[in-house]
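Written out below as structure tokens is the structure these notes cover.
Protein chains in written order, with our numbering: chain A, 29 to 586; chain G, 8 to 284.
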């Protein structure tokens, strides 16, 4: 790619920039790359916080009859851990990564609405602070503070004023409500950007799969988050104005909350995991040195997942006593979502088969994702079967299942993405050796933590209990889970050191350290404010492949 | 990929602004005011309105933009790599997908039926030797679906039972065909030692899985099973099914067929049906 015309703006400042000026630059920025970096940084900070919350819970449960935490503290911890991981770790990291990558991958200068993008970030940021402010102001600033303790799905009637005194639940409602508006705004922004700002030559079927998947993900965000906001406003009416939407004793319906929440909650699982799919879909072909297997089917499977995922929410409610017909319908629809997901799984494996695979850190994490997400998906099929679900509902089996999906799947995919795109964002490579140590520690620690939970769940251990008696046969499995957390902590510490060290002393990456094929690798690392010196024009799904291999370009065959 | 220079105005980017942050902060304070004090909400409202006014002034009548800052860093030109592409298979054309040839599905079905039949005979022989009954193994297998069988005595399991026979045959046929089909699809992907894969590796893995889950899936079988015989019966199935599939003639996949050929349209001018490129 040659340079025909350089930007003619003011010269970049030289010499050290004062700290306050740098802060002002970040606070007022509307640049998608900086906002994306801020999203991801916040997400990682909250990951540490949520991880410490989980560590305290595992410490409490490591042995029967422990008294490290009181029951009330335990309730707050699992509520804040779940809420933080879903809304303030998963969402910001995914929105942040998409913020950085979408314009770069489709050859745009920024998102369609840069100021709205900044607004979305700040709403997320202040919303998350509002939730954590509950630790100090949960009683409304008039007494001792306390965090919410109603679980991340805040089931009615526990959230009614009668059962949840003070304002802790209000903070839960308001914090997520504020952050949710930001996420919806960002989702709209992504849709407008992907549909309207692709570079010349990039038809929909020549778009990188990450952009396709984020398009469907954004549609899901726009469809799923407003109903949650509506439910939260109704709940706020119940709590502050004396309404009775979810108060069964006064003619309301506690089940209504479950329907509203899970109409958001299950698509939310796909909102979280689809970007994980997007990351590995970009990474696996590059490290297998092969084109992605079945591009059109991958697109179709993504659309199908998005479509089916809004019709499966009641599988979270099998145990509430739905009619057999409803149970059967939602069991069927849940099984159905396994088909497009299976197609994706086969296509990733088919991409790897016959390839010259390079097991560098991003690929290691992607492979870990494949194995662990498969296990999480299989236990998901178990849980979709109504009689089985009845047996293990609200047990540690469910905890094990969704951690295999969201930790073994999503978090591993996030690490794959961090190792893959960190050089593009910072200009420096993360340390490979530390990355591999971290991978193996996390792999072992993760499986040691969450594998035994399936067994303790089958043995009847309910989730959310703060302690248990010695005679239940759960102690060995709980001890294993807690030991796994220690191994994970070592892995996470290595990652923190790796990032901090590499930011300043990491190997210089160059523009295209992985010999990759999508547009973001055609610009500098880190990219300039305007992304591209010239507007790219593409002729295939792998524009850099065409440049690197003019004797065998893709555009002849697409 | 190529590039085109930007228009005559050069590259313009939106100016940094504090408006989104102020608007979001004000909105959050308004929300916080609901659970703290009305003064907090009032301050939030004023802050949000300030943010909205700044935002409006930034956006109207024309979006305020600034030229992109000049930079000394420019991307390194991409160097073409002549002749550097290794094809997956040298004679298979562009972007071949392996396997290029597969066993017909019918081979998997027939192999599965054959393997299932031989395996059934083997299991029945074990029933005759160990308990002197033709029906013992059939009833044990049926126990996977018929819950009452878990509590039966050995004598009861040795007796003929119509529902046991029907369900036992049904399970055996469905499982044999299903696994045969899986073998048919999987074996072309195994680069070498295919018979070892089908006759030893998979039976051992399946036996391990069964050992771990038998007390849940089929308690009756779990109480009476003799693992050596069980593994031997799996091996017999794997040998027969794998052998049948491996000896079948492979057929080419449709990956290089013309679209018209794949959908079965015989258009004048299209190549002969089934011909590879």
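Quick reminder that beta carbons are idealized off the backbone N, C-alpha and C, glycines included.
- When C-beta distances to chain A are compared with 7 angstroms, the residues of the region 22-47 of chain G below that value are 23, 24, 25, 26, 27, 28, 30, 31, 32, 34, 35, 38, 39, 41, 42 and 43, in chain order.
- Taking a Cβ-Cβ threshold of 7 angstroms, none of the residues of chain G is close to residue 290 of chain A; the smallest such distance is about 24 angstroms.
- Scanning A:516, A:373 and A:414 for the CA closest to the CA of residue 395 of chain A turns up A:373.
- With contacts defined as CB atoms closer than 8 angstroms, residue 178 of chain G and residue 206 of chain G fail to qualify as a contacting pair.
- Comparing alpha-carbon positions, the option among A:176, A:434, A:144 and A:64 lying closest to residue 102 of chain A turns out to be A:176.
- In this structure residue 562 of chain A is buried. Its beta-carbon is surrounded by 16 or more other beta-carbon atoms within 10 angstroms.
- Fewer than three Cβ pairs drawn from the region 218-230 of chain A and the region 175-193 of chain A lie within less than 8 angstroms of each other, which leaves the two stretches out of contact.
- Taking residue 488 of chain A as reference, the option from A:479, A:149, A:436 and A:424 with the minimal CA-CA separation is A:424.
- Neighbours of residue 134 of chain G in chain A, taken as residues at a C-beta separation under 7 angstroms, are lacking, since the least C-beta distance is about 31 angstroms.
- Counted as a single uninterrupted DSSP element, the beta strand (DSSP E) harbouring residue 563 of chain A occupies residues 563-565.
- From the beta-carbon of residue 576 of chain A, the residues of chain G found nearer than 7 angstroms are 85, 87 and 88.
- Taking 8 angstroms as the CB threshold, residue 556 of chain A lines the interface with chain G.
- At a C-beta separation below 7 angstroms, residue 539 of chain A has these neighbours in chain G: 82 and 83.
- The way I'd put it, the region 165-180 of chain G doesn't touch the region 257-266 of chain G; fewer than three beta-carbon pairs between them come closer than 8 angstroms.
- Rounded to the nearest angstrom, the Cβ distance from residue 440 of chain A to residue 466 of chain A is 11 angstroms, too far for a contact under 8 angstroms.
- Taking 8 angstroms as the CB threshold, residue 57 of chain A lines the interface with chain G.
- In the DSSP assignment, residue 21 of chain G falls within the unbroken beta strand (DSSP E) covering 19-21.
- Separation of residue 183 of chain A and residue 45 of chain G (C-alpha to C-alpha, rounded to the nearest whole angstrom) is 28 angstroms.
- The beta carbon of residue 538 of chain A sits closer than 7 angstroms to the beta carbons of 553 from its chain, once the five residues preceding and following it are set aside; these are given in chain order.
- Put simply, the CB of residue 216 of chain G is far from chain A, with every gap to its CB atoms at 8 angstroms or more.
- Residue state for residue 383 of chain A is assigned as coil, using DSSP reduced to three classes.
- Shortest Cα-Cα distance from residue 130 of chain A to any of A:306, A:421 and A:69 involves A:306.
- Between the C-alpha atoms of residue 105 of chain A and residue 493 of chain A there is a straight-line separation of about 12 angstroms.
- The beta-bridge partner set that DSSP reports for residue 73 of chain G consists of G:20.
- In this structure the region 125-140 of chain A lies against the region 59-67 of chain A, because at least three pairs of beta carbons, one per stretch, are closer than 8 angstroms.
- If you compare the alpha carbons of A:370, A:283 and A:294 with that of residue 339 of chain A, the shortest gap goes to A:294.
- Judged by DSSP secondary structure, residue 277 of chain A falls outside any alpha helix (DSSP H); it is assigned neither H nor E.
- Residue environment analysis places residue 448 of chain A among the buried positions, since at least 16 neighbouring C-beta atoms fall within 10 angstroms of its C-beta.
- Rounded to the nearest angstrom, the gap between the Cα atoms of residue 224 of chain G and residue 376 of chain A is 31 angstroms.
- Fewer than three beta-carbon pairs drawn from the region 191-206 of chain A and the region 80-90 of chain A are found closer than 8 angstroms, and the two stretches are therefore not classed as touching.
- Taking a contact to require three or more Cβ pairs closer than 8 angstroms, the region 78-92 of chain G and the region 574-581 of chain A qualify as touching.
- According to the DSSP secondary-structure assignment, residue 463 of chain A is paired through a beta bridge with no residue.
- Listed in chain order, the positions of the region 143-156 of chain A with a beta carbon within less than 9 angstroms of a beta carbon of chain G are 143, 144, 145, 146, 147, 148, 149, 150, 151, 152, 153, 154 and 155.
- Taking a 10 Å sphere around the C-beta of residue 480 of chain A, we find 16 or more other C-beta atoms and assign the residue as buried.
- Cβ-Cβ distances below 6 angstroms link residue 291 of chain A to 255 and 341 in the same chain, with the five nearest sequence neighbours on each side left out; the list follows chain order.
- Within the DSSP bridge table, the entry for residue 9 of chain G names A:565 as partners.
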